[in-house]
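Q: Under my numbering, the first residue of the sequence shown is numbered 10, with each subsequent residue one higher.
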Amino acid sequence: MLLFVFYTNYIHTLMPAMYGWPVEDYEKVKTYKNIQVKLFFSQLTIDDRTRRPLWKYNSQITFRLVDETTETFTEAKAKALAEKIYKTLANPQMYWNKGKIRVSYNDDQGYRFSLDCKDEAEGKRVMRQIMSIQGHTMEEGKTRVSSIDGGFPNNPGTHKVYGKITKKVSQRPEVKVEFTHAVAYVWSKGEPVGLVGPRHKLRSAFFRF
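1) Using C-beta distances below 6 Å, list every residue in its chain close to residue 228, excluding the 5 sequence neighbours before and after it, in chain order.
2) I need the boundaries of the beta strand (DSSP E) containing residue 77, first residue and last residue.
3) Enumerate in chain order the residues of its own chain whose CB-to-CB distance from residue 72 is below 6 Å, with the five nearest sequence positions on each side excluded.
4) Could you give the distance in angstroms between the alpha-carbon of residue 154 and the alpha-carbon of residue 208?
5) Evaluate residue 171 with the Cβ neighbour count: other Cβ atoms within 10 Å of its Cβ, from every protein chain shown; 16 or more gives buried, anything less gives exposed.
6) Based on DSSP bridge pairs, tell me the residues matched to residue 44.
7) Assign residue 186 to buried or exposed, taking buried as 16 or more other Cβ atoms, counted over all protein chains shown, within 10 Å of its Cβ.
8) Do you know how far the Cα of residue 168 is from the Cα of residue 108?
9) According to the neighbour-count rule (16 or more other Cβ atoms, all chains shown, within 10 Å of its Cβ), is residue 149 buried or exposed?
10) If I follow the unbroken alpha helix (DSSP H) through residue 94, where does it start and stop?
11) Just how far apart, CA to CA, sit residue 15 and residue 58?
12) Enumerated in chain order, which unbroken segments of the beta strand (DSSP E) with a length of 3 residues or greater are wholly contained in the region 165-212?
13) Along the alpha helix (DSSP H) that carries residue 58, what are the first and last residues, could you check?
14) How would you call residue 131, buried or exposed, if buried means at least 16 neighbouring beta carbons within 10 angstroms?
15) Please return the same chain residues whose Cβ sits closer than 8 Å to the Cβ of residue 217, not counting the five positions on each side in sequence.
16) Opposite residue 112 in the DSSP bridges: which residues?
17) Starting from the Cα of residue 144, find the closest Cα among 96, 164, 166, 70 and give me that residue.
18) Among 178, 117, 161, 127, which one has its Cα closest to the Cα of residue 140?
19) For residue 163, write down the residues that DSSP places opposite it in a beta bridge.
20) Determine the contact status of residue 110 and residue 125, defining contact as a CB-CB distance below 9 Å.
21) Count the other CB atoms, across all protein chains shown, that sit within 10 Å of the CB of residue 178; report buried if there are 16 or more and exposed otherwise.
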């Protein structure tokens with residue numbers, strides 16, 4: 010029983026509470042033709058109370074494989090993609106300096122980026138590194154930058170929630186996150202395809218680090 014409690018508590022640090030739909034329910038109302046690749050980033054810290062690993066500031070970046078469909082995408086192609094992601098983002102481990110500047114980029118190659126970064130240069134660096142997985146480059150004139158002066162303070166203060174004073178959520182925090190894992194979503198498959206990830210977090214991945 011004690012082992013079960015420890016295990017479930019540890020899993021909670023890897024999988025924080027979130028809003029979402031089960032994949033099966035989502036695919037009943039939403040169809041998509043191209044393969045979606047999702048990259049996950051987090052900041053690894055140690056819980057002060059339990060001394061266990063804790064992932065904070067979880068972030069995601071997605072792109073689509075416009076030349077692949079659910080019919081053409083195979084396990085062999087997934088493994089080849091995983092190897093490219095591993096070499097580009099995991100060896101060495103890619104980082105992303107997040108911040109208050111929103112850098113956006115859209116094109117016809119499957120990219121719809123909207124990244125919160127410390128500055129425009131960081132946003133473009135992150136985008137270029139991700140696009141290099143498929144050998145793509147950014148197109149001129151398709152980048153947009155926006156910011157709100159004083160709109161996202163580092164210390165937003167506190168407020169009362171459920172009878173207790175708690176800290177307000179910090180929007181667009183200035184933090185450094187690192188690549189943790191990658192999956193691919195194939196419509197009607199039922200579960201994501203594990204591409205790259207650490208051994209303790211995504212055991213089904215083709216490449217682990």
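C-beta: ideal position from N, C-alpha, C; glycine also.
A: Here's the rundown:
1) Any question about residue 228 goes unanswered here, given that the chain covers just 10 to 218.
2) 62-78
3) 46, 119, 120
4) 37 Å
5) exposed
6) BP columns for residue 44 point to 74.
7) buried
8) 23 Å
9) exposed
10) 84-98
11) Because the pLDDT at residue 15 is just 41, under 50, the model does not fix this residue reliably, and the value given afterwards should be weighed accordingly. Roughly 14 Å separates the two Cα atoms.
12) 167-170, 173-176, 185-194, 202-206
13) Where residue 58 is concerned, there is no enclosing alpha helix (DSSP H), given that its DSSP letter is neither H nor E.
14) buried
15) Closer than 8 Å at the Cβ level, and outside the excluded window around residue 217, lie 205, 206, 207, 208, 211.
16) 124, 154
17) 96
18) 117
19) The beta-bridge partner set that DSSP reports for residue 163 is empty.
20) Yes.
21) exposed
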